[in-house]
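S.K.: Oh and the sequence shown: position 32 is 32 in the numbering used here, straight run, nothing missing.
Glycine included, every Cβ here is placed at the ideal spot set by N, Cα and C.
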Amino acid sequence: DLVEDALRQAVGLRGHLPRKVVFHADRGTQYTSGQLAKAATEIGVLRSMGRTGVCWDNAAAESFWSVFKNEYYHRHVFATTDAARRGAYTWIDGWYNARRRHSGIGYLSPLAYERRQLTLAA
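See below:
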């Protein structure tokens, strides 16, 4: 399952998760599955879901997908599904999370913001 794999990868990359991590999503079937609920419990992640039909409940995710489509997806042609997956992973992991600055978090990249928060919490 793609969502479960991404969640487990997030833990694997960090070696652990800080306390009280919340995974917020819409009510898509991939997020409401029993399989994902079990995985989240095993990992120690709290799940949160927005209200049906209310995009504002998931504004951060909606913003991400808009940026992804405009800055990456619509600018490329992919020969295969695998090429699209690899490209998306590289863009998300190598650019969006690691280097792209975000106004909502003080013009830091998500990775820099996370590191700063962990340092402040220590």
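#1: Using the C-alpha atoms, what's the distance from Glu62 back to Lys69?
#2: Are at least three pairs of beta-carbons, each pair with one atom in the stretch 50-58 and one in the stretch 26-35, less than 8 Å apart?
#3: Should the stretch 1-15 be regarded as contacting the stretch 33-46, the criterion being three or more beta carbon pairs within less than 8 Å?
#4: Between which two residues does the beta strand (DSSP E) containing Ser48 stretch?
#5: What does the Cβ neighbour count give for Tyr96, buried or exposed, with the cut at 16 atoms within 10 Å?
#6: Please list, in chain order, all residues of the same chain as Tyr113 whose beta carbon is under 8 Å from its beta carbon, the five residues on each side excluded.
#7: Cutting at 6 Å between CB atoms, please list the residues of its own chain near Pro110, excluding the five before and the five after it.
#8: To the nearest angstrom, report how far apart Phe64 and Arg100 are at their CA atoms.
M.R.: If we stick to the structure as given:
#1: Position 69 of the sequence shown, counted from the start, is the residue given in the question as residue 69. Position 62 of the sequence shown, counted from the start, is the residue given in the question as residue 62. Using only the alpha carbons, I get a separation of about 11 Å.
#2: In short, these stretches touch, since the Cβ pair count reaches three.
#3: Cβ pair count under 8 Å is three or more, so yes.
#4: On the sequence shown, position 48 is the one that residue 48 refers to. Where Ser48 is concerned, the enclosing beta strand (DSSP E) stretches over Leu46 to Met49.
#5: Here residue 96 corresponds to residue number 96 of the sequence shown, with the count starting at 1. Buried.
#6: The residue labelled residue 113 in the question sits at position 113 within the sequence shown. His102, Ile105 and Gly106.
#7: Here residue 110 corresponds to residue number 110 of the sequence shown, with the count starting at 1. Asn97.
#8: Here residue 64 corresponds to residue number 64 of the sequence shown, with the count starting at 1. Here residue 100 corresponds to residue number 100 of the sequence shown, with the count starting at 1. Here the alpha carbons of Arg100 and Phe64 stand approximately 12 Å from one another.
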